[in-house]
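What follows is a short report on a single structure.
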Amino acid sequence: MATVTYRPKKIRLVAGLAAAGVLVLFTAISFGLHGSKGFDNSGQFERGDQTAMIGLGVLIALGILAFCRPRVVADAEHIKIRNVVGGYDLPWSVVRAVRFDRNSPWAQLELHDDEQVSIHALQAADKDYAVEGVRALRALHSASVDA
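Given below as structure tokens:
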């Protein structure tokens with residue numbers, strides 16, 4: 002069987018729209034920064050304040066876009082998982098099962114040492130796409146166990 006790659010679908014759309022919204026909001030706020038800084042007229046907003054506000058919007062948008070990062074790539078020998086923070090590269094020999102429990106937000110690998118590794122790329126919100134991904138991973142896992 003060939004290499005399979007899965008990335009979440011719905012969260013990428015939501016994160017992209019949210020990041021764009023935050024960037025537009027912070028840019029609009031930056032253009033509203035003018036005049037005095039306080040009641041005692043002790044200072045004025047300047048171009049640097051506006052630039053800093055836009056920069057803050059960019060940083061927050063990039064933080065939101067981190068939720069687009071998850072991906073799982075698997076082939077006959079191993080599985081590579083990249084989550085929002087961190088990742089794993091595991092041979093199928095250490096995996097006991099590929100699980101996707103009913104109330105779980107995403108799929109998981111159950112390892113032989115009784116640990117679990119989350120697969121954020123296969124999320125319950127993606128419904129049939131996630132089920133297809135879990136089935137493909139299970140097929141790769143069972144083929145590696147039988148070999």
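Numbering-wise, this note's numbering comes out as the position in the sequence shown, counting from 1, plus 1. Every residue gets a Cβ at the ideal spot worked out from N, C-alpha and C, and that includes glycine. Keep in mind it's a predicted model, so treat the numbers as computed, not measured.
As assigned by DSSP and simplified to three states, the class of residue i
i, result
"glycine 58", "helix"
"threonine 4", "coil"
"histidine 35", "coil"
"serine 145", "helix"
"glutamate 133", "helix"
"arginine 70", "coil"
"arginine 97", "strand"
Residue i vs residue j beta-carbon contact at 8 Å
i, j, result
"tyrosine 7", "alanine 122", "yes"
"histidine 79", "leucine 66", "no"
"alanine 131", "alanine 98", "no"
"glutamine 117", "proline 9", "no"
Inter-residue CB distance, residue i and residue j (contact presumed, cutoff 8 Å)
i, j, result
"valine 85", "proline 106", "The Cβ separation is near 12 Å, so there is no contact."
Residue(s) in a DSSP beta bridge with residue i
i, result
"histidine 79", "Pro92"
"valine 118", "Leu110"
"glutamine 124", "Trp107"
Q. Quick check: the segment 55-67 against the segment 18-30, are there 3 or more CB pairs under 8 Å?
A. The segment 55-67, when compared against the segment 18-30, does touch it at the 8 Å Cβ threshold.
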